[in-house]
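Under this note's numbering, the first residue of the sequence shown is numbered 802, with each subsequent residue one higher. From the three backbone atoms N, C-alpha and C, an ideal C-beta is built for every residue, glycine too. Keep in mind it's a predicted model, so treat the numbers as computed, not measured. Here the structure is laid out as structure tokens; the discussion comes afterwards.
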Amino acid sequence: SGTGSLVLRGAEVTAQTITGANTAMAGDLTVGGSSIPQNSQSVAYTTVAADANKHILHPTADNIARTFTIAANASVAYAIGTAITFVNQINTLTIAITTDTLVLAGSGATGSRTLAANGIATALKITSTSWIISGTGLT
């Protein structure tokens, strides 16, 4: 057994005794963090495994229309439930997909989507080859 601090969604809980299969604890453990790490891209970009549950930023400094492509399941097998958020600060951003299916929430339309300046959209993987996307400034 050990003692330590457990941080859960910003609230601190002090544990006097920790028991179970893993009883050693060194330092603090943070669970359910509130940050969504950023990957800033100023080129045409295809997602990689490390982009899972991150946001990909098209920054103000790159005033060129870009295309960000969600990699096919055959090349990057994201887990079902993976979310990738796209943030576009300037110009337009096309969110494309290769051989898998990207469905616009609400309308059911499939295919590439356009994200306007200052728009934000999140794609959620719902089957091995299907994603659903929604957001503000998304058409």
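- The beta carbons of residue 901 and residue 883 sit about 12 Å from each other, so the pair does not count as a contact at 8 Å.
- Residue state for residue 906 is assigned as coil, using DSSP reduced to three classes.
- In the three-state DSSP reduction, residue 866 falls in the coil class, being neither helix nor strand.
- For residue 889, the beta-bridge partners assigned by DSSP are 859, 920.
- Residue environment: residue 844 is assigned as exposed (fewer than 16 neighbouring CB atoms within 10 Å of its CB, all protein chains considered).
- Checking the DSSP bridge columns, you'll see residue 846 partnered with 869.
- Residue nearest to residue 879 within the set 899, 852, 863, 897 is 852 (criterion: CA-CA distance).
- At least 8 Å separates the beta-carbon of residue 856 from that of residue 904.
- For the pair residue 895 and residue 913, the CB atoms are nearer than the 8 Å cut-off.
- Nearest to residue 861 by C-alpha distance, out of 876, 850, 870, 842, is 842.
- Exposed is the label assigned to residue 937, since fewer than 16 other Cβ atoms lie within 10 Å of its Cβ.
- Taking the C-beta atoms as reference points, residue 871 is found no nearer than 8 Å to residue 886.
- By the 16-neighbour rule on beta-carbons within 10 angstroms, residue 920 is buried.
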